[in-house]
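Novice: The following block contains the structure, expressed as structure tokens.
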Amino acid sequence: MRMFRNVFRRKMRAFLTIFGITIGVFALVVMGSMAEKINLLIDGGTRYYSDKVVVTDGSAGTAGFTMTPIGVGRVAEVESVPGVARATAGIWMLLDENGGMSMGVPQGIVGNDMRAIDLESFKLTMKEGRDLTTADRGVAVVGCDIAKALNAKVGGTIDLRGKPFKVVGIYEKTLTAPDNTVAVSLYDAQQLMYAQLPDIIQKQIDPNQLATSITAYPQPGVDADQLAATIEGTLPNVTASGPQVFVDQFKSMTKIFNSIIFGVALISLLVGGLSVVNTMTMSVLERTREIGIRKAIGASHRQIVGQFLGESAFIGFLGGATGLLLGYVVSIVANMLMESSGTVLFLTTPRLAIGAVAFAIVLGVASGFYPSFHAARLKPVLALRYE
Amino acid sequence: MAPGTSDTGAAGGQGAGAPSDSRTRHTRLIIETEEGTKTMKTIVSVKSLNKRYELGKDNYVDALRGATVNIGSGEMVAIMGPSGCGKSTMLHMMGCLDTPDSGEIWLNGRRVDDLSTRATTKLLREEIGFIFQGFNLVSTMTALDNVALAAQYAGKSRRESQTMAREALEAVGLAERAAHRPSELSGGQQQRVAIARALVNKPAVIMGDEPTGNLDTASSAEVIDMMREINLLTGTTFILVTHDPDVAAACDRVIHMRDGVVTDDTSRLVAAAARDAERDLERVA
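Sequence lines, in order, name chains A and B.
At position 260 of the first sequence (counting the first as 1) the number is 259 in numbering that gives the first Met the number 0, and the numbers step up by one without a gap.
At position 115 of the second sequence (counting the first as 1) the number is 114 in numbering that gives the first Met the number 0, and the numbers step up by one without a gap.
See the structure below:
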């Protein structure tokens, strides 16, 4: 209470200083929330790919999300490679055929022959309804974020690339890629994909052979990265990507983002910190006489330093708390506004919240050091003479 | 000077103690008065104090030039002199707010002119109380908190400090104004809060730098009576730098300074004043 009164003796100045920190922490929270969301996506991706090898057509790049088909017939070929326990064919395509930019994971349609569902370690659980079976035709199970974008409800119908699908289930939130994905049976996915192909290609292709990738599950004790090398060495015209490929990809993505966060933190440190230094120095100057009084009635160095450090920590805390609140509100509102498009961009985690406020307090204390020690070193008799 | 002028400078006992380079030394002070000789413990002893303030190149002020004075325990003493005579400087040094260039200061039997910061702080907490001309209360705190602050600095718990502060405010008759901020109090009341603050840790000496300098006559009288009353009741020594003849009149002794030295001091018993104060107390009770 007393600290509050001391800090707000100069209301405008206190407000401006706190506002400076608020902006810094606000930026930190918003950017941090974005980074946390992306980190989670990447974490999920890394986990998903940790125990498998993605085999794609050799003419495509290394990424898993490729549009160049690979024949379903090659599943047997992949399974014949020593070390492969089982392989499964799948299709992944963009939900919207025109593509379009989006932050994070793009919305997609996935179809899988489910031959290896028992080997999959990344389990999806149902929030509502039931999961798919291979025999399903014309039904879909929807990820929880994309469900909002498509306004999908169990029992309702959604439109996938011009074809109606009955929604039979919605997946539980995973905070990563499946939240933005619609799952259909491999057959349906093949039909959807086939329908989009130009006539000339359609004539050459059996729709039942369509797949964008084959996922190979290693036998127990076999290293997935080594298996990827073996597959590429054994089979002609394929690209096999082990977990390391994805980890590397994800890392370069996060690196940029983390540097942005670090940059924001640094700027807020500078701006907010300097304004705390300024405020506290002014405050010490204005209160020189008070410091003299306090020393004359027996305040020790430590008590004076403690008082002023406490006040600057308090300024940091107030700035941090309001910045956190503001950032949290903005990220929630932004998420709500973007909900219709199924994009969840921000995730304010407890560790981010605590981290941001702690950062602001540390900033306040660090900036208060010089003014505090300056205050404590004042000679009482000189300080008392100060008007 | 009027009869009763005494020779406190030659006060007894100084030679009888331990060598002067020792850190502790207890002496007795003998003061001749109209009603005979009074003997008391020396509480503050200042010896050959020098202080030069450098104002710039080849420009300095010798605030003290070998000032020497002794003050007995339980005395109420006024230090008077023209502006710039060094009286405030000497008071600040007695109270460890400033340090001399040379000379010795003894407080309660201990050498205090060259103490460490930490030891000085301890002394300010336990043995010295200050009253200033400008009251010097912390403007953002209530009267109670201002007084409690001194107790808190002295290591008392918050609750204990508040209790002690309440008692001290009662002693200066301001218990009902405890929750007021300085800006809501009159000058006299503010100065009484400052006295309570000086008093709260039960120091041996209370030092006042122009305690009535900012007060009107009525408030001055009130504050002077208050100090005298505390002095007589608790035996707390008061050393008051002042221009105010009313303050001087209330004191046991007046020390005059000029050009950085003590020129003259008088002592007299204020038996009558003491009796008056006691009578006033009975009436209050």
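C-beta atoms are modelled at their ideal positions from N, C-alpha and C, and glycine is treated no differently.
Owing to the predicted nature of the structure, the values given are computational and were not obtained by experimental measurement.
Measure the CB-CB distance between L351(A) and E35(A) and report whether it falls below 7 Å.
Specialist: Numbered from 1 along the first sequence, position 352 holds the residue referred to as residue 351(A). Numbered from 1 along the first sequence, position 36 holds the residue referred to as residue 35(A). Taking 7 Å as the Cβ cut-off, L351(A) and E35(A) qualify as a contacting pair.
Novice: Ordered along the chain, which non-local residues of its own chain (more than five positions away) have a Cβ less than 6 Å from that of G212(B)?
Specialist: In the second sequence, counting from the first residue as 1, residue 212(B) sits at position 213. Taken in chain order, the residues that qualify are Q132.
Novice: Provide the residue(s) that pair with G4(A) in DSSP beta bridges, ordered along the chain.
Specialist: In the first sequence, counting from the first residue as 1, residue 4(A) sits at position 5. A quick correction: the sequence has Arg, not Gly, at residue 4(A). R4(A) is not bridged to any residue.
Novice: Can you give the Cα-Cα distance for G207(B) and V222(B), rounded to whole angstroms?
Specialist: Looking up residue 207(B) in the second sequence gives position 208. Looking up residue 222(B) in the second sequence gives position 223. For G207(B) and V222(B), the distance between alpha carbons rounds to 11 Å.
Novice: According to the neighbour-count rule (16 or more other Cβ atoms, all chains shown, within 10 Å of its Cβ), is V219(B) buried or exposed?
Specialist: Within the second sequence, numbered from 1, the residue matching residue 219(B) stands at position 220. Val is not the amino acid found at residue 219(B); the sequence shown has Ser there. Buried is the call here.
Novice: Answer yes or no: does any C-beta atom of chain A fall closer than 7 Å to that of R157(B)?
Specialist: Taking the second sequence and counting its residues from 1, one reaches residue 157(B) at position 158. With 7 Å as the cut-off, R157(B) does not count as an interface residue toward chain A.
Novice: Who pairs with E394(A) in a beta bridge, going by DSSP?
Specialist: The question about residue 394(A) has no answer, for chain A in this structure spans 0 to 386.
Novice: Under 7 Å, do A153(B) and A164(B) count as touching if we go by C-beta distance?
Specialist: The sequence position of residue 153(B) within the second sequence is 154, counting from 1. The sequence position of residue 164(B) within the second sequence is 165, counting from 1. In this structure, A164(B) does not lie closer than 7 Å to A153(B) by Cβ.
Novice: For T287(A), does the three-state DSSP call read helix, strand or coil?
Specialist: Position 288 of the first sequence holds residue 287(A). Correct three-state label for T287(A): helix.
Novice: Measuring straight from C-alpha to C-alpha, what distance separates P81(A) and S258(A)?
Specialist: Residue mapping note: residue 81(A) aligns to position 82 of the first sequence, counting from 1. Residue mapping note: residue 258(A) aligns to position 259 of the first sequence, counting from 1. Distance between the alpha carbons of P81(A) and S258(A) is about 42 Å.
Novice: Given that P105(A) touches chain B, what residues does it touch there, using C-beta distances under 8 Å?
Specialist: Taking the first sequence and counting its residues from 1, one reaches residue 105(A) at position 106. Correct list: empty, because the minimum Cβ distance to chain B is about 58 Å.
Novice: Would you decide whether L226(A) is buried or exposed? Buried here means 16 or more other CB atoms lie within 10 Å of its CB.
Specialist: Position 227 of the first sequence, counted from the first residue, corresponds to residue 226(A). Counting Cβ neighbours within 10 Å, L226(A) comes out buried, since at least 16 surround it.
Novice: To the nearest angstrom, report how far apart I303(A) and L27(A) are at their CA atoms.
Specialist: The sequence position of residue 303(A) within the first sequence is 304, counting from 1. The sequence position of residue 27(A) within the first sequence is 28, counting from 1. Spanning the two alpha carbons is a distance of roughly 32 Å.
Novice: Confirm, please, whether the CB-CB distance from E125(B) to D251(B) is below 7 Å.
Specialist: Walking along the second sequence from the start, residue 251(B) turns up at place 252. Walking along the second sequence from the start, residue 125(B) turns up at place 126. It is not a contact, given that the beta carbons lie outside the stated cut-off.
Novice: Whose Cβ in chain A lies nearer than 9 Å to the Cβ of Y52(B)?
Specialist: Position 53 of the second sequence holds residue 52(B). The contacting residues do not exist; Y52(B) stays about 11 Å from chain A at best.
Novice: For a contact defined as C-beta to C-beta under 7 Å, what are the partners of D97(B) on chain A?
Specialist: Counting from one through the second sequence, the residue named residue 97(B) turns up at place 98. Result: V380.
Novice: Name the DSSP beta bridge partners of M75(B), please?
Specialist: Taking the first residue of the second sequence as 1, we reach residue 75(B) at position 76. F237(B).
Novice: Is it buried or exposed for E228(B), if we count other Cβ within 10 angstroms and need 16 for buried?
Specialist: Here residue 228(B) refers to the residue found at position 229 of the second sequence. E228(B) is buried by the Cβ-count criterion.
Novice: Determine the DSSP secondary structure at Y385(A), reduced to helix, strand or coil.
Specialist: As a working mapping, residue 385(A) is identified with position 386 in the first sequence. The answer is coil: DSSP assigns Y385(A) none of H, G, I, E or B.
Novice: Compare the C-beta of A118(B) against all C-beta atoms of chain A and say whether one is closer than 7 Å.
Specialist: Within the second sequence, the letter at position 119 stands for residue 118(B). It does not; no Cβ of chain A falls within 7 Å.
Novice: In three-state terms, what does DSSP make of M89(B)?
Specialist: As a first step, residue 89(B) must be located in the second sequence, where it is residue number 90. It is helical.
Novice: Can you tell me whether N69(B) is buried or exposed, with buried defined as 16 or more other CB within 10 angstroms of its CB?
Specialist: Along the second sequence, one-based indexing puts residue 69(B) at 70. The residue is buried, with at least 16 neighbouring Cβ atoms inside 10 Å.
Novice: Taking 7 Å as the threshold (beta carbon to beta carbon), is A149(B) in contact with chain A?
Specialist: For the purposes of this step, residue 149(B) is identified with residue 150 of the second sequence, where counting begins at 1. Closer than 7 Å: yes.
Novice: On a Cα-Cα basis, can you pick out the residue from V141(A), V221(A), A382(A) that is closest to D158(A)?
Specialist: As a first step, residue 158(A) must be located in the first sequence, where it is residue number 159. Answer by Cα proximity: V141(A).
Novice: Looking at chain B, which residues of the stretch 290-308 of chain A have a Cβ within less than 9 Å of any of its Cβ atoms?
Specialist: Under the 9 Å Cβ criterion, the stretch 290-308 of chain A contributes G291, I292, R293, K294, A295, I296, G297, A298, S299, H300, Q302.
Novice: Please classify L136(B): does DSSP put it in a helix, a strand, or coil?
Specialist: Residue numbering aside, residue 136(B) sits at position 137 when the second sequence is read from its first letter. Correct three-state label for L136(B): coil.
Novice: Where does T278(A) sit, in a helix, a strand or coil, going by DSSP?
Specialist: The count along the first sequence starts at 1 and reaches residue 278(A) at position 279. Helix at T278(A).
Novice: So what does DSSP say about V364(A), is it helix, strand or coil?
Specialist: Position 365 of the first sequence holds residue 364(A). Here V364(A) sits in helix by DSSP.
Novice: Let me know if Y52(B) comes out buried or exposed under the rule of 16 or more other beta-carbons within 10 Å of its beta-carbon.
Specialist: Looking up residue 52(B) in the second sequence gives position 53. Exposed, because fewer than 16 other Cβ atoms sit within 10 Å of the Cβ of Y52(B).
Novice: For the stretch 9-34 of chain A, list every residue whose C-beta sits within 9 Å of some C-beta in chain B, in sequence order.
Specialist: Against chain B - using a Cβ distance shorter than 9 Å - the stretch 9-34 of chain A contributes no residues.
Novice: Between Q13(B) and chain A, is there a C-beta pair that is closer than 7 Å?
Specialist: Locating residue 13(B) in the second sequence gives position 14, where the first residue counts as 1. In this prediction, Q13(B) scores a pLDDT of 38, lower than 50, which makes its location untrustworthy; the coordinate-derived value is nonetheless stated afterwards. No - not a single Cβ of chain A is within 7 Å of the one on Q13(B).
Novice: Which of the residues in the stretch 192-212 of chain B, read from start to end, lie with their CB under 7 Å from any CB of chain A?
Specialist: Of all residues in the stretch 192-212 of chain B, R196 have a Cβ within less than 7 Å of some Cβ in chain A.
Novice: Where F237(B) and M226(B) are concerned, what is the direct C-alpha to C-alpha distance, given to the nearest angstrom?
Specialist: On the second sequence, residue 237(B) is found 238 positions in, with the first residue counted as 1. On the second sequence, residue 226(B) is found 227 positions in, with the first residue counted as 1. Their Cα atoms are separated by approximately 8 Å.
Novice: Using a Cβ distance threshold of 8 Å, determine whether the stretch 114-132 of chain A contacts the stretch 181-196 of chain A, with at least three qualifying pairs required.
Specialist: Taking 8 Å as the limit for Cβ pairs, the verdict is that the stretch 181-196 of chain A does touch the stretch 114-132 of chain A.
Novice: Where does the unbroken alpha helix (DSSP H) through T321(A) begin, and where does it stop?
Specialist: Position 322 of the first sequence, counted from the first residue, corresponds to residue 321(A). Residues 300-337.
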